[in-house]
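Working notes, structure below.
In mature numbering (1 follows the signal peptide of the UniProt record, and there is no 0), the protein residues as written are -24 to -1, 1 to 982.
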């Protein structure tokens, strides 16, 4: 038996010899290698065959063998997926144009790529095939393969062109008909698709697909019950992917038939395209739940529809808002109604959503825009709305409830066409009150004037009158304030308002400031004797009652009033005790006065009046000829309160005592100390004069002459002219002739820059400049005062100069002045003023540890009011946040929240929400932000920061719609806060990237 390979070779050799009878032995060897290579190729040993064909090609003498070898080398390269394989085939075609395998090359390569599923490459080679050189069988294969390749590329027109040519083919007909039917189905030509699918219905290869197509076509044609029936029949034998699609068909069919309860389980079983649902999928399931009254589940589906912008999204957001309302989630409903109302796909939905958005804004507040603006916007958009009257009523009331009075005033100025102007009167009043609380008394005064221009509501007319008087008082317009208080007292609208409780106190102060002490006594006494609620004011009223009696020389009534103030133990009890003590001196009870002053020194060792008491004690001893105790009292003052303005006075007193007791050297020691340590002071001038007399008595005039030559602070020889010039200016000052007084002091300082009264003149001139809003001109004169040794003017100069620097944000200049004031102030309020502004200035300069240090000092003062206390607490909180100590910040903000108003209250609320978010109390955090939105909408920074936290809360609560919608609105509406906008962009991108994993409609990079 001949071996098969040997037989093949013999036959092939016989054929070769018969074809090439004249070939040489070399040529015969070529054929042997060629045939061996071909055998390897046919056995799919492409690499081995390729190497042998390359040898044949290199050694071939016959062009046909060379061409055929090149053809098989390129074919093997393609099958081996070698780099440059296509080029090898291109080279073959180009180099051997007459080769009989040229056309086979194109079709063979195309068929190879087709069989391996690389249809795009297959098409590229089919395009080069010469169809005229193909056999009938090859042309049918060519038509089908080319048509199928175009089909896979979704190029249906070209696919139909080729597949229709083999539709009747026995070999390819069923496949071609199926794909033609599928293309008709995809093109929504269901009638043609049905006809074509009917032709291949008996082919088991397509039976399952055809059942699905039948269901889907019934669905698309609106034959929903038929779609359900056929899909239910197919469902048990469908694979996983088909089962998902069939569930979708059944669910959507029930949905379209309005059978929502039946639709839900099938809609839920749909797996989406590539594992993702799109917005329409979420809408259908959400709407089905909505129709069943299952609003929580409706929300959980609707709120996955983010960044939707079509009719489906508008409908979804509208029903999402309705679902939120049904579950009492009004903030969420507000956002959803806003979104639906901003879309134009369905006008009916838009109008109703806009109406609901307007009403909810009024009810709960709005972080994006002021409530009045929302309501006015609705009325402009829908002027003929059936709800017009209702919205107009809400609009009028919203100006009050929104508490954004600044914005309300701006809107009202251009839209005062309401039925009455009561709203204008109220809003102007509240805006004035807001400015008053911020310390802007001029702005407040203007607003109260505007409110009084519309005297519609008696109560608000009375309130505006009262608070205008308060503003006048704070602007030192005491006569105008008095007129206002008295007018308020006679108004019908003043009955029952809380402001009336303190009216006598305020009127008393207005008289007191105008030095009408008899009338002040009348009102302070009436207030103190009838008022029990406000203990602080009552205590102060007794103090001022005592002062008024004291100034009127009614010392026994003064002492009685001071005594009641001491018994109450208020912030000024030390002052009252001191005043009571010195009053005994005016009724010839010096022994009692001395006892009272000594008792004062023991009872109030830290009082700012301790130096006053010791000085007065020394004076009293001296007046009673007990000079040794007097000197001791002065020594205690000099030792215990060395920074007091009474120290030079005490030294001078001691010098005079020694002089009067013939102790000249001791007297000179004290007087020289006054002159050297307190130059320019009146005591120094008197000290020089007294020392002159002592030197004369001691017959040491040469020594005096030598000493006095080195004293340049006073021009002694010009003393009379100095005094005369000063007194002329001072008289004008005391009579409140400000312009004349300013000219007088300017003249004095020009003539006597270092005169006897230089310190006084600089101080009074600075005060006049300050009052007349020439504060920059006041600066050098205050500086002159504070750069001299301490006098009774030093403290006020420090306070006023620091105030000027602070108003101009010159914190570096303010700091040293405030530090001196804090250390030297005898008045407790000035000390608190200094400490509170030291902490604020250091905070502005980002000296955080210093800011906190001064804040702690402020809080150690028991007499501070809640506003100053809150200022200190907020600095402690801010510094703690800066340093990462959030526990400390949380504690401080909680304290602030108890009493703060305005912007501080907004800040404290924001951080309350922030800390609740950090603790995972997301719902509670949102409730705080809703309060912030409703009550403090005018403070936009904390509004936008609150929205950022709210977005995080909603995302943690599983509401991605709310989270993304809020962040998108932050980006759109708050461009004046670029840092917050950038933070919102980052958070939005993060959330969208997460949502894109499950929602095909979300574009994460948008």
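Glycine included, each C-beta is placed from N, C-alpha and C at the ideal position.
- prompt: Are three or more beta carbon pairs between the segment 262 to 275 and the segment 954 to 973 nearer than 8 angstroms?
  reply: no
- prompt: Any idea if residue 983 is buried or exposed, counting beta-carbon neighbours within 10 angstroms, 16 or more meaning buried?
  reply: Beyond the ends of the chain as shown, which are -24 and 982, falls residue 983; an answer cannot be given.
Range of the contiguous alpha helix (DSSP H) that encloses residue 958: 954 to 971
Under 9 angstroms between C-beta atoms of residue 22 and residue 64: no
- prompt: Taking the Cβ atom as the reference point for each residue, do residue 848 and residue 835 lie within a distance shorter than 9 angstroms?
  reply: yes
query: At what residues does the alpha helix (DSSP H) containing residue 419 begin and finish?
result: 417 to 428
query: Using the rule of at least 16 other Cβ atoms within 10 Å of the residue's Cβ for burial, across every protein chain shown, is residue 919 buried or exposed?
result: buried
- prompt: Would you call residue 747 buried or exposed, if buried means 16 or more other Cβ atoms sit within 10 Å of its Cβ?
  reply: exposed
query: What are the uninterrupted segments assigned as alpha helix (DSSP H) that are 4 or more residues long and contained completely in the segment 780 to 812, given in chain order?
result: 787 to 800
query: Can you give, in chain order, each stretch of the alpha helix (DSSP H) that sits fully within the segment 615 to 668 and has at least 4 residues?
result: 623 to 636 and 640 to 653
task: Give the DSSP bridge partners of residue 101, in chain order.
output: Partner(s): none; residue 101 has no beta bridge.
message: Can you find the residues in the same chain that come closer than 7 angstroms, C-beta to C-beta, to residue 314, ignoring five residues on each side of it along the sequence?
response: 333
task: Please report the Cβ distance between residue 642 and residue 596, rounded to the nearest whole angstrom; I am assuming they are in contact, meaning their Cβ atoms lie under 8 angstroms.
output: The pair is not a contact, with the Cβ atoms about 22 angstroms apart (cut-off 8 angstroms).
query: In whole angstroms, what is the alpha-carbon distance linking residue 983 and residue 735?
result: Lying outside -24 to 982, the shown extent of the chain, residue 983 is not represented and no answer is given.
Those residues which DSSP pairs with residue 975 across a bridge: 253
task: Would you list, in sequence order, the uninterrupted alpha helix (DSSP H) runs of no fewer than 4 residues that lie entirely inside the segment 460 to 543?
output: 479 to 489, 493 to 506 and 511 to 527
Presumed contact (8 angstroms Cβ cut-off) between residue 912 and residue 881, rounded CB distance: 6 angstroms
task: Using three-state DSSP, classify residue 563 as helix, strand or coil.
output: coil
field: With 16 other Cβ atoms within 10 Å as the buried cut-off, status of residue 799
entry: exposed
task: Since I believe residue 914 is in contact with residue 342 (beta carbons under 8 angstroms), could you give me their beta-carbon distance rounded to a whole number of angstroms?
output: Not a contact, Cβ separation roughly 12 angstroms.
field: Limits of the alpha helix (DSSP H) - the one that residue 375 falls within
entry: 364 to 377
- request: Please say whether residue 924 and residue 946 have beta carbons closer to each other than 9 angstroms?
  value: yes
field: Endpoints, alpha helix (DSSP H) assigned at residue 947
entry: 936 to 949
task: Below 7 angstroms CB to CB, which residues in the same chain sit around residue 336 once its five sequence neighbours on both sides are set aside?
output: 306, 309, 310 and 313
- request: Go ahead and label residue 681 buried or exposed: buried means 16 or more other beta carbons lie within 10 angstroms of its beta carbon, across all protein chains shown.
  value: exposed
task: Could you tell me if residue 593 is buried or exposed, where buried requires 16 or more neighbouring beta carbons within 10 angstroms of its beta carbon?
output: buried
task: Can you give me the Cβ contacts of residue 105 inside the same chain, cut-off strictly under 6 angstroms, excluding the 5 residues immediately before and after it?
output: 82 and 83
query: Nearest to residue 820 by CA position, among 844, 805, 802 and 791, is which residue?
result: 791
message: Measuring straight from C-alpha to C-alpha, what distance separates residue 140 and residue 123?
response: 9 angstroms
- request: Classify residue 18 as buried or exposed, calling it buried when 16 or more other Cβ atoms lie within 10 Å of its own Cβ.
  value: exposed
query: Out of 292, 581, 127 and 112, which has the shortest C-alpha to C-alpha gap to residue 145?
result: 112
query: Counting Cβ pairs, one atom from each stretch, are 3 or more of them under 8 angstroms apart for the segment 422 to 439 and the segment 456 to 472?
result: yes
- prompt: For residue 711, which of helix, strand or coil comes out of DSSP?
  reply: coil
message: I'd like to know if the segment 774 to 786 and the segment 550 to 563 are in contact, where contact means that at least 3 CB-CB pairs between them fall below 8 angstroms.
response: no
Nearest-angstrom Cα separation, counted from residue 742 out to residue 404: 35 angstroms
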